[in-house]
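Numbering (full-length UniProt numbering), first residue to last: 1 to 72.
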């Protein structure tokens with residue numbers, strides 16, 4: 001499963017979810033689903049978030065290491 005560090009990044013920027021979602025140009029509802037790992041962004045969405053934050057995509061998103069290769 002794809003996980004992320006969005007909450008930590010948001011806290012570092014001292015923004016609430018609504019502010020951070022607006023900063024990323026997505027809805028607060030969508031951002032909340034990403035932050036709480038209920039939904040992963042599309043590849044294009046992840047790249048756009050990475051570009052907006054000026055961070056490598058692999059710094060923001062990562063694979064959960066508890067998943068077996070047969071489950072992926």
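A virtual CB, placed ideally from N, CA and C, is assigned to each residue, including glycine.
Taking Cβ to Cβ, would you say residue i is nearer than 8 Å to residue j?
i	j	result
residue 60	residue 5	yes
residue 10	residue 20	yes
Among the options, whose alpha-carbon lies nearest the alpha-carbon of residue i?
i	options	result
residue 50	12, 65 and 24	24
residue 1	37, 42, 22 and 53	37
Would you kindly work out how many angstroms separate the C-alpha atoms of residue i and residue j, rounded to a whole number?
i	j	result
residue 44	residue 57	11 Å
residue 28	residue 64	24 Å
residue 16	residue 62	23 Å
residue 48	residue 31	13 Å
residue 41	residue 22	16 Å
residue 39	residue 12	22 Å
residue 66	residue 54	28 Å
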